[in-house]
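Numbering (the working numbering), first residue to last: 481 to 1666. Where is the CB? At the ideal position from N, CA and C, for every residue including glycine. All of these numbers come straight from a predicted model, not from anything done at the bench.
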Amino acid sequence: MLIRLFRFEIELHLRQTAVRLSALAFFLLGALMSFSLHGGIDVWLNAPFSIAFGTGILSLASPFALAVFAGNAILRDREHGMEEIVYATAVTRFQYLVSRGSGLVVVAGLVLGCGVLGLFLGSLLPNQDPESLGPHRIWPYLQAWLTIGLPNVLFGAAAIFAAAALTRSNAATYVAAVTLYLLYMLGSMLGNSPLMAQSKILPPEDMAPAVLMDPYGMIALFEQTRYWSFVEKNTQLLALEGGFLFNRMMWTAFSLSLFCYVYQGFSFRKPRPRKAGPSMGIPGDAPLPLGPYVPVPVTVNRWGAHLRAAFSKVAVETQVMVRGIPFVVMLLLGVFFVAVTIYDDISRGELNTPYLPLTSLILPVLQDPLSKLGPLVVLFFVSELAWFERGRGVAPIVDATAVPSGAMFLAKLLVSGMLIGVLILAGVLVAVAFQLLNGFVPRRPELYLNLFYAAGLPLLCYAAWVLCVQNLSPNKYLGMIFGVMVLLSGGVLRRLSGLDHPLFGPVFFPDLNVSDMIGRGYGGAADHWNMLFRVGLAGMVCALTLVFWRRGARRRTGGLSYGSVGLAALGTLVFLGTGGYVFYRVNYLNTFRGEERDADWRAQYERTYKYLAEEPAPRISDIQLNVDFYPDERRYRVVGRYDFVNETGGVIERIVIGVPHQNRREARVTVAHATTVGLDETFSMETYAFDHPLRPGDQGSLTFELEVTKSGFTDLDPENYVLPGAAYVELNKYLPAIGYDRSVELADPHERAKRGLGPYREMATLEAVPEVRPHHLRFEAVLSTPPGLAAVTLGRLVRAWDRDGRRYFHYRIARETANHFAVAVGRYRQARTDHRDVAISVWTAEGHEANVATVLEAAKASLDYFQDQWGSYPYDVLRIVEVPSFSGAFAATSYPTTIFAVEDRFFLMDQSDPADFNLVYRRTAHEIAHQWWGDQLEPAPAEGYRMLTETLAKYAEMVAYDAAFGPSASDDYLADMVDLYFFYRGYQTEPENPLNRVGFQPYVYYFKGGHAVHVLRELLGEGRVNQVLQTFFQRYRYPARPTSTDFLRILYDHAPADLHVRLRDLFERVVTFDLQLKGYAVEALPEGRYQVEADIWALRVEGVDTEGLRQGPVAEWLELAAYREDGSLIGKAHRVSLAEVRSRVRIELEEEPAALVLDPRGLMLEANRADNRVAGATLADESPVH
């Protein structure tokens, strides 16, 4: 009997259209994912790691399919009124539950298998890049399906099956599916899963709880592969061991226990109906009075009656939905999730430094779950609402009434809106409570109203779509599948077209990343137009729903009326009008290119103008600018002049001027004593021939006018934007330039190979450093703004004045500087102090003064330390200027005299607790250090450039911070740097270079560099390192252009010879270590001394490139330290040398140790330091392993 029931379940499921569509959707999703799975440098798209990752992502989509399948598996008897008959048969409870539960699991596993099959077949498609693929093997796909996919399906099926069987409610089933997503996101957030956008990197010893918290095993996957090289990711299957095995076993056992719980709690009885409410009839038993029938004249207000009917239906359905347990559970889960999310994002912040609980920072935190999970909540609850009458068997009665279809549809749409509003309001109340509990009275609480527009209206538009597809669908579950297809249609269009056009997709969520400086986001009017486009589309959908509204057993077009036709006409007019306007603004007023077209454009530019990089060109010697900002119009105008001189040693007959590409810009360039001989409008390149060729030493000039409009219809450029109340423009990147612009080149190696271009090289190699002439120039600018705003750029403010209703600011820098400059505009308040003949000022928005004192203190201390150790500060001005959070890709950018610091990563950090790590102080020191490393000392444009700027600035911030807070203040921060280095190195697209040859690899020159300078200070001492830096700085300050080789030469001259090998490992090689203290034994010696024998594993690993790794024992000494119970050091650390990878060493101590630590100062760069410490003698009696 059980076998026949199981076979029947499988056959029944496979005949369902929803199951077939789900299988097709998973297959296509897997095939699309096969093109984009990325596991890091040289990791194949079909590598075991990529396959496991892709299978895990596919399994995250399974709860939705399970929610649809579970209704058919367990609730179909109730929906079709067959419960009593089925329960009266000879089928036992065990047979009933096992057949239906196992059928659900098997079918869901097969659907997920279709997705895995799509991964495999997608990798075989002819348009795959052969260089991105390895050997095709079946077993990695099967292993991923068996170890990741099926346990995840089993967990989801158990949870959803339990909800469906025990409540026998569709709504509860949907809530269970959404709850799975909520719990996964919650666990991933608390466990810092790399899939979460704001995840923090946990140290290895803190990963165990996170591994257990993730029911889908993704954190366990990342934990096992956290430090895998590309070779291991390409060849090694996941090992069923450690945290990964425990996670799989634990959640599989939990899933089976859930099925057992269902068996215990399920009964072959119909659930008891709820207690009936009070009677609404006539009280008492008195008979109605009898009398002859008298006609009563009735006056009916047609529209009033229809509205009353609609509102009556709204009241009934709202009461049923809101008072239902599923919605209450969903609401409570949402409140809990929002509370934890806000705490994680705000209180834990960046590098465990909290943010101030400002409304502008909390707003995007609230929108994120609403935009990701909100559509699923709407899909489930609105689908239930659409089938409200049919699910309760009252549809024939309701359909027979005189209530028009429009009133019924309006009622359901209003109920949907009310449900959405309640969810948003609950999140807002949680946010306000969080602010109040943190002692912060909400500023700009009106910003919360944006959520009802930016999240509520898109969800309401989607609700209209769901009502439409459910009305047209023959059953609820198929309608839900169509609803998901509607939701995914925008992404599919983008993928198929290769264009990320704002008009794609029926749902649009405006970006609520609001700058607290100005109280608004970037999109502005563009967001309103895009939203109105979706509203018009939703109006057309509503009209279609009205026309085909189901009344009775068959669907008719009886809904065709003046109202539906008018709604369709209005929706169409709005849809076409707004769509046409958006298309015009995006495609015609601005330059819109998709990724492929943009890559083609860049490749063609390189082919056409690469020769200019070798042609002689004059050097710009003076720049004078007049920049007028019009923030309310989101535009700025530049009138400028370049003076240039021929310093090439040859005659220059022509000059090529290019205007960097921007949306909405108009440019006019005039070269004095030259004639235009060529114009390339495609690349905005103009060629001028001099009337008289420029001889060596001759000077010339050019003038230009540039007007730029930065509307919300274009993507945000964090280095170039103008908004009402603020602006930030890194001007040198957008003004006319002489010759070839290397920043336009296509950098992606795969895209270059597709277009026949050679390898991309950002900078010259150390073996071929080009001769670089002095290129600094004199800079002067006059900036103007509307009243109430101030403009800031490099140099000293010569004077400020008002004229013709505008404010003017004249800046001039005292010495020649590099051709790098930026301008910020805002409503600023200043805090000023004078220190060592330098006027230090901090420019912030009103209300952002919390960290100003910290910044000023850090600036003074940094100036003192850096000037005392390396050389004088060459300016009499130093200012730190706040810029909006739209520039959040960086924390700050340092220019001569001026540092531009991003509001949320600098001034909105909560540093009120003196016991907390002071990230703002450290960042201030780092940026001020660039006044030496990057400004006064400017390296040659060759490999290692950023080691001499960023890595040396990391050293400067470290010593300045430790001088202020103590020598151990940076310990946790340095540990974070090491963890970040090992994490990000596994996901790079280029081979890792050593520090002395590093290019644009932030994880190397920031994170590994931070560790390297820590080790350098520990080995040489702070005084000697500062002597090295002083010598280097004084010898190679501008106009010299040193390389990393010059720095290392000085370093080796000052370092003892026995440290040279170790220093080369730090700076000239890619070397990591795997150290483990296996255990130790203690033997008491005469005279109260103790001999400790320690078993040590020490492996040195060099290289990461495709030529293979070189592994072997550590040739240099290691440190071994003994500690007392209270954590204090016994004596000093002992230096030990090892002959083999695994060896035993002996040291003598004056006390019996409580713990031994290998490499206590963290001198060796290793991923996992948790196994470097052993507390208590635990040495086993075994021979060393070599």
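In the three-state reduction of the DSSP assignment, residue 1240 falls in the coil class.
Separation of the CB atoms of residue 692 and residue 724 is rounded to 11 angstroms, and the pair is thereby denied contact status at 8 angstroms. DSSP places residue 1603 inside the beta strand (DSSP E), whose first and last residues are 1598 to 1603. Judged by their CB atoms, residue 1307 and residue 1326 are nearer to each other than the 8 angstroms cut-off. Residue range 1258 to 1265 is occupied by the beta strand (DSSP E) that includes residue 1265.
For residue 625, there is no enclosing alpha helix (DSSP H), since its DSSP letter is neither H nor E.
Of the residues 574, 889 and 901, the one whose Cα lies closest to the Cα of residue 1030 is 889.
In terms of CA proximity to residue 1480, 1425 leads the group 830, 1425 and 1442. If you compare the alpha carbons of 992, 1484, 1520 and 1600 with that of residue 1549, the shortest gap goes to 1484. In this chain, the beta strand (DSSP E) harbouring residue 1109 covers 1099 to 1110. Around the beta-carbon of residue 1439, 16 or more other beta-carbon atoms lie within 10 Å, marking it buried. In the three-state reduction of the DSSP assignment, residue 745 falls in the helix class, which pools H, G and I.
Judged by DSSP secondary structure, residue 915 falls within the alpha helix (DSSP H) whose first and last residues are 885 to 917. Contact check for residue 939 against residue 855 passes: the beta carbons are separated by less than 8 angstroms. Contact between the segment 605 to 620 and the segment 588 to 596 is not established, with fewer than three Cβ pairs separated by less than 8 angstroms.
In this structure, the straight-line span from the alpha carbon of residue 1147 to that of residue 1158 is close to 16 angstroms.
Just so you know, the alpha carbons of residue 650 and residue 1363 end up roughly 50 angstroms apart. With fewer than three CB-CB distances shorter than 8 angstroms, the segment 1400 to 1409 does not count as touching the segment 1217 to 1233.
In this model, residue 1384 and residue 826 are separated by some 11 angstroms (Cα to Cα). Here residue 664 is buried, its C-beta having at least 16 other C-beta atoms within 10 Å. Of the residues 884, 1472, 869 and 925, the one whose Cα lies closest to the Cα of residue 841 is 925. The beta carbon of residue 894 sits closer than 6 angstroms to the beta carbons of 794 from its chain, once the five residues preceding and following it are set aside; these are given in chain order.
Within a 10 Å sphere around the beta-carbon of residue 1090 sit fewer than 16 other beta-carbons, which makes this residue exposed. As a beta-bridge residue in DSSP terms, residue 1136 pairs with 1167.
With a threshold of 16 other beta carbon atoms within 10 Å, residue 884 meets it and is buried.
In summary, residue 530 is buried, with 16 or more beta-carbon neighbours lying within 10 Å of its beta-carbon over all protein chains present. Cβ atoms of residue 1361 and residue 1304 come within 8 angstroms of each other, at about 5 angstroms. The Cβ atoms of residue 1576 and residue 1618 sit closer than 8 angstroms to each other.
Residue 1565 is classed as exposed because its beta carbon has fewer than 16 other beta carbons within 10 Å across all chains shown. The beta carbons of residue 1122 and residue 1100 sit closer together than 8 angstroms. Residue environment: residue 829 is assigned as buried (16 or more neighbouring CB atoms within 10 Å of its CB, all protein chains considered). Classified as buried, residue 1486 has 16 or more neighbouring CB atoms from the shown chains inside 10 Å of its CB. Here residue 736 is exposed: its Cβ has fewer than 16 other Cβ atoms, across all protein chains shown, within 10 Å. Straight across, the Cα-Cα distance linking residue 1390 with residue 1311 is about 19 angstroms. Partner residues in the beta bridge of residue 1189, as assigned by DSSP, are 1115. In the three-state reduction of the DSSP assignment, residue 1612 falls in the coil class, being assigned neither a helical nor a strand state.
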